[in-house]
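Peer 1: Note that my numbering has the sequence shown beginning at -19, numbered continuously upward.
Below: one structure in structure tokens.
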Amino acid sequence: MPGIALIGTQWGDEGKGKITDLLAGDVDMVVRCTGGDNAGHTLVVGGETYKLRLTPSGILYPDVTPVIGNGVVINPRVLLEELDSLDSRGVDVSRLRISGNAHLVMPYHLEFDKVTERFLGKRQLGTTKKGIGPTYADKAMRVGVRVQDLYDPKIFGQKVEAALRDKNQILTRVYGRLPIEVDEVCEEYLGYADRIVEMVCDTSLLVNEALRRDETVLFEGAQGTLLDLDHGTYPYVTSSNPVATGICTGAGVGPKALDEIVGITKAYVTRVGTGPFPTELFDETGDEIGRIGHEFGTVTGRKRRCGWFDAVLLRYASRLNSLTSIALTKLDVFSSFEKLQICVAYEHQGERLDEVPFHQSVMHHVVPVYEEMPGWRTDISEATSYAELPAEARAYVERIEQLAGVPVGIVGVGPGRRQTLRREAAATVGVVQ
Ligand code: GDP
Ligand code: IMO
Ligand code: MG
-19 MPGIALIGTQ WGDEGKGKIT DLLAGDVDMV VRCTGGDNAG HTLVVGGETY
31 KLRLTPSGIL YPDVTPVIGN GVVINPRVLL EELDSLDSRG VDVSRLRISG
81 NAHLVMPYHL EFDKVTERFL GKRQLGTTKK GIGPTYADKA MRVGVRVQDL
131 YDPKIFGQKV EAALRDKNQI LTRVYGRLPI EVDEVCEEYL GYADRIVEMV
181 CDTSLLVNEA LRRDETVLFE GAQGTLLDLD HGTYPYVTSS NPVATGICTG
231 AGVGPKALDE IVGITKAYVT RVGTGPFPTE LFDETGDEIG RIGHEFGTVT
281 GRKRRCGWFD AVLLRYASRL NSLTSIALTK LDVFSSFEKL QICVAYEHQG
331 ERLDEVPFHQ SVMHHVVPVY EEMPGWRTDI SEATSYAELP AEARAYVERI
381 EQLAGVPVGI VGVGPGRRQT LRREAAATVG VVQ
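Here you go:
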């Protein structure tokens, strides 16, 4: 019963969508488990680009069952727009299955995400403004509205009314906004119910049955380890748990269901939104990485902050997720670089730190300790095997592997599905080879 989890090891946008799409060709099911439409997963297939926010990246394969698990928060308007767009491009979306336990992003969650960010001013988190934090907060407060509530209009209305009773007070009295009408919310949301009714089910049961039949299930992570609510750079994080254990909760499977845990990492680091980022580059090199790597947010279009590769973060991610292998993406972005830097440790007040410091104030002030490596100054985007890569490129990959203590099984050399190299030396991700 092979279950394979694909986890972001940085601050998101590591290429999870592309790697999921690559591996999905050989699996039976692809499950999204956490986050919502704050995620933006880009797939490039046969020259066509797909930007998926809620739909699992396996949707493009006709034999894969795509599943949205209970841990995902769903804005039904965005989901339906996405399904319509895929449908208009000839993708069969009828196989999608949606957990009845998943929480709904409601119009008031979107409103609160906007106004609270505005009120934070300079201290704002730089959220995607998709209502993610307020939706998970209501889930924890036990006043959330779930997908299954769409199928009991009376209960749905009661829940929305209860939620809006105090929220409208806060919206109008604290934030000076107009109140949100219960009837309008109910009319809009109950209107979505019929369109997805055939897709809603007990997805935990579905996934566990697939595993019991010995089918291969891919768990597609969203966001990244450093954005994790518990283990990330709090408060500059998202409101869910993108780490491997969050996958279990968000899909409704036990930890033994994860036979392989693949950490997705870029050959450098990016971050959107606010928060500490030790290797961030503020110079031309940072701009060049962003320009060559097209580092603009899929969801918000914001310019991503760019920096050198950070092995301290990867080791941290390896420990938190029990990584069994690494998929290293975007190596091609460095093709024109003469020299590369890898951050191997941090320094703080004269002390060397080999681990991510637990204290956030320290994390804000650490200085990276770099190791320089030669570039390869050759276009590698057409390479078809790992052995074909220039020696300097292989040395870079192997140094990362050594620093992380986890084998690199996959190397990305371009955005296309085929621009991916498998490494035989690291006999990983074996079940889908
Ligand atoms: P995700 O959120 O982790 O799925 O990542 P995004 O899709 O937000 O961002 C990754 C970007 O890098 C997308 O535009 C991908 O098409 C692109 N990409 C993924 N792998 C590679 C690679 O190996 N090389 C290059 N040049 N681009 C890649
Ligand atoms: P994928 O799945 C990159 C970031 C936001 C912000 C913080 C909180 O594409 O890798 P939120 O809207 O979640 O409350 O914002 O988290 N963030 C992401 N950054 N990739 C993502 O998803 C992200 N999802 C959230 O930019 O800093
Ligand atoms: Mg993304």
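Don't be surprised by glycine CBs; every beta carbon is placed ideally from N, CA and C.
What you are looking at is a predicted structure, and each value in this text was computed from that prediction instead of being measured.
From Leu261, Asp239 and Pro215, pick the residue whose C-alpha is nearest to that of alanine 224; which is it?
Peer 2: Closest by alpha carbon: Asp239.
Peer 1: Which same chain residues, not among the five before or five after tyrosine 417, have their C-beta less than 6 Å away from its C-beta?
Peer 2: Any answer about residue 417 is impossible in this case: the structure gives the chain only from -19 up to 413.
Peer 1: With a cut-off of 8 Å, does the C-beta of arginine 57 fall near any C-beta of chain B?
Peer 2: No chain B is part of this structure, which consists of one protein chain only.
Peer 1: From Pro387, Thr304 and Val347, pick the residue whose C-alpha is nearest to that of isoleucine 241; which is it?
Peer 2: It is Thr304 whose Cα lies nearest to the Cα of isoleucine 241.
Peer 1: Take the Cβ of serine 365 as the centre, count every other Cβ of all protein chains shown within 10 Å, and call the residue buried at 16 or more, exposed below.
Peer 2: Its Cβ having fewer than 16 others within 10 Å, serine 365 is exposed.
Peer 1: Would you report the Cα separation of threonine 0 and lysine 134, rounded to the nearest angstrom?
Peer 2: Cα-Cα distance, rounded: 39 Å.
Peer 1: Expressed to the nearest angstrom, what Euclidean distance is found between the alpha-carbon atoms of glutamate 275 and cysteine 286?
Peer 2: Between glutamate 275 and cysteine 286, the C-alpha separation is close to 8 Å.
Peer 1: Taking 7 Å as the cut-off, is the C-beta of asparagine 50 nearer than that to any heavy atom in the ligand IMO?
Peer 2: Asparagine 50: no, Cβ never under 7 Å from the ligand IMO.
Peer 1: Where does valine 349 fall in DSSP's three states?
Peer 2: Looking at valine 349 - three-state DSSP - the assignment turns out to be strand.
Peer 1: Check lysine 310 in the structure and name its three-state DSSP category.
Peer 2: DSSP places lysine 310 in coil when its eight states are reduced to three.
Peer 1: Distance check for alanine 143 and aspartate 93, CA to CA, integer angstroms please.
Peer 2: Rounded to the nearest angstrom, the two C-alpha atoms are 15 Å apart.
Peer 1: Excluding the 5 residues preceding and the 5 following proline 370 in the sequence, name in chain order all residues of the same chain whose CB lies nearer than 6 Å to its CB.
Peer 2: Excluding sequence neighbours, proline 370 sits near Trp356 and Thr358.
Peer 1: Is it the case that the CB of threonine 278 approaches a heavy atom of the ligand MG more closely than 7 Å?
Peer 2: Yes, Cβ of threonine 278 sits closer than 7 Å to a heavy atom of the ligand MG.
Peer 1: Compute every distance between the C-beta of histidine 21 and the non-hydrogen atoms of the ligand MG, then say whether any falls below 7 Å.
Peer 2: Yes.
Peer 1: If the criterion is Cβ atoms closer than 8 Å, does the pair glycine 51 and glycine 226 meet it?
Peer 2: Contact: yes.
Peer 1: Contact check, leucine 308 vs glycine 392 under 8 Å by CB: the rounded distance?
Peer 2: That pair is a contact at about 7 Å.
Peer 1: Quick test of your reading: glycine 111 and asparagine 188, contact by CB under 8 Å. State the CB separation rounded to the nearest angstrom.
Peer 2: Contact doesn't hold; Cβ gap of about 30 Å is too wide.
Peer 1: Can you give the Cα-Cα distance for alanine 406 and valine 7, rounded to whole angstroms?
Peer 2: At alanine 406 the pLDDT is 49, less than 50, meaning the model places this residue with poor confidence; the figure from the coordinates comes in the next sentence. Alanine 406 and valine 7: Cα-Cα distance of roughly 20 Å.
Peer 1: Mapping DSSP to helix, strand and coil, what is glutamine 329?
Peer 2: The answer is coil: DSSP assigns glutamine 329 none of H, G, I, E or B.
Peer 1: Does the beta-carbon distance from alanine 297 to cysteine 13 come in below 8 Å?
Peer 2: For alanine 297 and cysteine 13, no; Cβs fall outside 8 Å.
Peer 1: Determine the direct distance from the alpha carbon of tyrosine 41 to that of arginine 397, and round the result to whole angstroms.
Peer 2: Using only the alpha carbons, I get a separation of about 13 Å.
Peer 1: Cβ of aspartate -7 versus every heavy atom of the ligand IMO: is any distance shorter than 7 Å?
Peer 2: Checking the Cβ of aspartate -7 against the ligand IMO gives yes.
Peer 1: Below 8 Å on the Cβ atoms is my contact criterion, and I expect glutamate 327 with valine 347 to pass it. Report the Cβ-Cβ distance as a whole number of Å.
Peer 2: Glutamate 327 to valine 347, Cβ: 5 Å. Contact.
Peer 1: Nearer than 7 Å: is that true of the beta carbon of lysine -2 relative to any heavy atom of the ligand GDP?
Peer 2: For the ligand GDP, at least one heavy atom lies less than 7 Å from the Cβ of lysine -2.
Peer 1: How close, in whole Å, do the beta carbons of threonine 196 and proline -18 come, if the pair is a contact with beta carbons under 8 Å?
Peer 2: About 5 Å separates the two Cβ atoms, so the contact holds.
Peer 1: Mind checking whether lysine 310 and proline 354 have CB atoms under 8 Å apart?
Peer 2: Contact: no.
Peer 1: Taking 7 Å as the cut-off, is the CB of glutamine 418 close to at least one heavy atom of the ligand GDP?
Peer 2: Because residue 418 is not part of the residues shown, which for the chain are -19 to 413, the question remains open.
Peer 1: Can the beta-carbon of glycine 137 be found closer than 8 Å to that of valine 162?
Peer 2: Going by C-beta atoms, glycine 137 is nearer than 8 Å to valine 162.
Peer 1: Given glycine -12, which residues of its chain have a CB within under 7 Å of its CB, disregarding the five upstream and five downstream residues?
Peer 2: For glycine -12, where only same-chain residues beyond five positions count, the Cβ hits under 7 Å are Glu(-6), Lys(-4), Gly201, Gln203, Gly204, Thr205, Pro222 and Ile244.
Peer 1: Just how far apart, CA to CA, sit methionine 9 and arginine 153?
Peer 2: Going from the Cα of methionine 9 to the Cα of arginine 153 covers about 47 Å.
Peer 1: Helix, strand or coil, according to DSSP, for tyrosine 116 in the structure here?
Peer 2: In the structure shown, tyrosine 116 sits in a helix (DSSP, three-state: H, G or I).
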